[in-house]
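A.B. asks: Top line first, the protein sequences correspond to chains L and E. The first sequence: position 17 = 17 (the numbering used here), numbered continuously. Each number in the numbering used here comes from the position in the second sequence (counting from 1) with 114 added on.
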Amino acid sequence: DTAVSQTPKYLVTQMGNDKSIKCEQNLGHDTMYWYKQDSKKFLKIMFSYNNKELIINETVPNRFSPKSPDKAHLNLHINSLELGDSAVYFCASSPQGARFYEQYFGPGTRLTVT
Amino acid sequence: AQTVTQSQPEMSVQEAETVTLSCTYDTSESNYYLFWYKQPPSRQMILVIRQEAYKQQNATENRFSVNFQKAAKSFSLKISDSQLGDTAMYFCASVLGAGSYQLTFGKGTKLSVIP
């Protein structure tokens, strides 16, 4: 029944490691997003895919690479993790058409880099 | 470009009372959408209410209503009959129309409902 799901919900790892966060939506939406929420709770978009095509690519380090194998999935891979990558990462999705602006969020993944 | 400003980092309200959270925004576009999202301690982002800029009537959802002042670029959220479950971070956000996909968030207001 979960609309937008993310795995894992918590991720603790050491500096220098490579990790992935997975996102899946079962809403039939065409557009998916990754947001980063920092320690001060500020939310900022990182990437957006529409029908597997990258449409938003904000200024993020190229250690972050999104991958969309199909329009229901958008994964986030992070190479060479740094302390500053510690944050909560949210996946979201939105439909096509008149309600394109309604974004539905996943539960978030809290990443802690030690 | 859009900016969204929430000038109240923290607020508190007594249970059953009414509270208003402020938000101002800046955009040169005429077609846009405004939202309030709630983030309780569970971390889940929940859409509370939305307003289309072309609609003059203020949106309402049960105990939640907005005061949309387009000329002043103001979009405040009123919570009536506050409940303990309303304790959360509240984020004001905007997205441009015409197929723009980018949600721009304010920095949030932490609301505490006091029993």
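The C-beta atom is built at its ideal place from N, Cα and C for all residues, glycine as well.
Kindly indicate the opening and closing residues of the beta strand (DSSP E) around L:A92.
C.D. replies: Here residue 92 of chain L refers to the residue found at position 92 when the first sequence is read from its first residue. Note, L:A92: beta strand (DSSP E), 87 to 94.
A.B. asks: Tell me the rounded alpha-carbon separation between E:K184 and E:A167.
C.D. replies: Counted from its first residue, the second sequence places residue 184 of chain E at position 70. Counted from its first residue, the second sequence places residue 167 of chain E at position 53. Between E:K184 and E:A167, the C-alpha separation is close to 7 Å.
A.B. asks: Less than 8 Å between the CB atoms is what I'm expecting for L:L74 and L:M32, so what's the real figure, rounded?
C.D. replies: Residue 74 of chain L sits at position 74 when you count from the first residue of the first sequence. Residue 32 of chain L sits at position 32 when you count from the first residue of the first sequence. About 4 Å; that satisfies the 8 Å criterion.
A.B. asks: Beta strand (DSSP E) containing E:R164: first to last residue?
C.D. replies: The sequence position of residue 164 of chain E within the second sequence is 50, counting from 1. Its beta strand (DSSP E) spans residues 160 to 166.
A.B. asks: Output needed in chain order: residues of the region 118 to 148 of chain E with a Cβ under 8 Å from some Cβ in chain L.
C.D. replies: Per Cβ criterion, the list reads Y147.
A.B. asks: Tell me the residue span of the beta strand (DSSP E) that contains L:T7.
C.D. replies: Start at 1 with the first residue of the first sequence, and residue 7 of chain L comes out as number 7. Run containing L:T7: 4 to 7, per the beta strand (DSSP E) assignment.
A.B. asks: Rounded to the nearest angstrom, how far is the Cβ of L:V113 from that of L:L83, given a contact under 8 Å?
C.D. replies: The residue given as residue 113 of chain L occupies position 113 in the first sequence. The residue given as residue 83 of chain L occupies position 83 in the first sequence. About 5 Å separates the two Cβ atoms, so the contact holds.
A.B. asks: Looking at the unbroken beta strand (DSSP E) that takes in E:Q120, where does it start and where does it end?
C.D. replies: Here residue 120 of chain E is taken as the residue at index 6 of the second sequence, counted from 1. E:Q120 -> no beta strand (DSSP E), and no H or E assigned at all.
A.B. asks: Would you check if the distance between the CB atom of E:L217 and the CB atom of E:A202 is smaller than 8 Å?
C.D. replies: Here residue 217 of chain E refers to the residue found at position 103 of the second sequence. Here residue 202 of chain E refers to the residue found at position 88 of the second sequence. Contact: no.
A.B. asks: Please list, in chain order, the chain L residues whose beta carbon lies closer than 7 Å to that of E:V86.
C.D. replies: This structure cannot speak to residue 86 of chain E, because chain E is shown only from 115 to 229.
A.B. asks: What did DSSP end up calling E:D140 once you bin it into helix, strand or coil?
C.D. replies: Your numbering for residue 140 of chain E matches position 26 in the second sequence. If DSSP states are grouped into helix, strand and coil, E:D140 belongs with the strands.
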